[in-house]
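> One structure, pasted below without further comment.
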Amino acid sequence: MQGENEKVKADPAAGQNVAAATDIEEFLGDLDGGQFGRKLSIALSTVAAAVVDNGRKGKVVIEFDMQVIPGTSQVHVDHTMKFTRPTMHGESAEKESRVTAMHVGKFGKLTLFPENQLQMFDKQGQATK
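Counting from 2, one number per residue, gives the positions in the sequence shown under the numbering used here.
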C-alpha cells in the first residue's frame, strides 16, 4: 500500500492518473505576487452580483499558457483573466494578463521557489560552503 504522501509517476500512454502534484491554492496565491487570486475573487463576486441584478448570464474565464525559460527547470506562466458582466442595457468586459516565473519540480509540481533549495546561510547568518 502506498503512503499518503507518496507520489505516483504516471505513464500517459497507459492512461494512468497522476497524483495531483501542484497545490492549486498555493499556485493561485503565488501568481502575480498574490494579486491574481485577489482579482479573481473580485471578478467572481462582481459578475455574480451583476447576473443576479440584471437576470442575464455573465462569464469569468481564466487561461494559463506556459513557456519554458531556456536553460532552467522553470516556466513562464502567462495568466489571463477575462470577465463579462451584464449591465442594464448590455454588458461590460475586462481582460488582464500577467506573467509569473514558476519552478517545475518532481512530477511537474509548480512552485514559486525550488522544492529543494539549498541552505544559503547557517544559523549564525554566515554563508554556507
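Don't be surprised by glycine CBs; every beta carbon is placed ideally from N, CA and C.
Just so you know, these numbers come straight off a predicted model, no measurement behind them.
Near Ile-70, which residues of its chain fall below 7 Å by C-beta distance, leaving aside the five closest residues on each side in sequence?
Cβ neighbours of Ile-70 beyond the five flanking positions: Val-76, His-77, Ala-102.
> Within 10 angstroms of its Cβ, does Gly-59 collect 16 or more other Cβ (buried), or is it exposed?
So Gly-59 ends up on the buried side.
> What does the Cβ neighbour count give for Ala-51, buried or exposed, with the cut at 16 atoms within 10 Å?
Counting Cβ neighbours within 10 Å, Ala-51 comes out buried, since at least 16 surround it.
> Taking DSSP as the reference, what is the three-state secondary structure of Ala-49?
Reduced to three states, the DSSP call for Ala-49 is helix.
> I'd like the span of the alpha helix (DSSP H) that includes Ile-25, first residue to last.
Taken as a continuous stretch (DSSP letters only), the alpha helix (DSSP H) holding Ile-25 covers 25-31.
> Please work out which residues of its chain come closer than 6 Å, Cβ to Cβ, to Gly-30, disregarding the five sequence neighbours upstream and downstream, and give them in chain order.
Cβ neighbours of Gly-30 beyond the five flanking positions: Gly-38.
> Keeping to the same chain, check which residues put their C-beta closer than 8 Å to that of Met-89; ignore five residues upstream and five downstream.
For Met-89, where only same-chain residues beyond five positions count, the Cβ hits under 8 Å are Asn-55.
> Flag this pair as yes or no: are the beta carbons of Glu-116 and Gly-106 separated by less than 7 Å?
In contact: Glu-116 and Gly-106 (Cβ atoms closer than 7 Å).
> Would Ala-1 be called buried (16 or more neighbouring beta carbons within 10 Å of its own) or exposed?
Residue numbering for the chain in the displayed model covers 2 to 130; residue 1 lies beyond these limits and cannot be assessed.
> Apply the 10 Å Cβ neighbour rule to Arg-57 and answer buried if 16 or more other Cβ atoms are within range, or exposed otherwise.
Exposed, because fewer than 16 other Cβ atoms sit within 10 Å of the Cβ of Arg-57.
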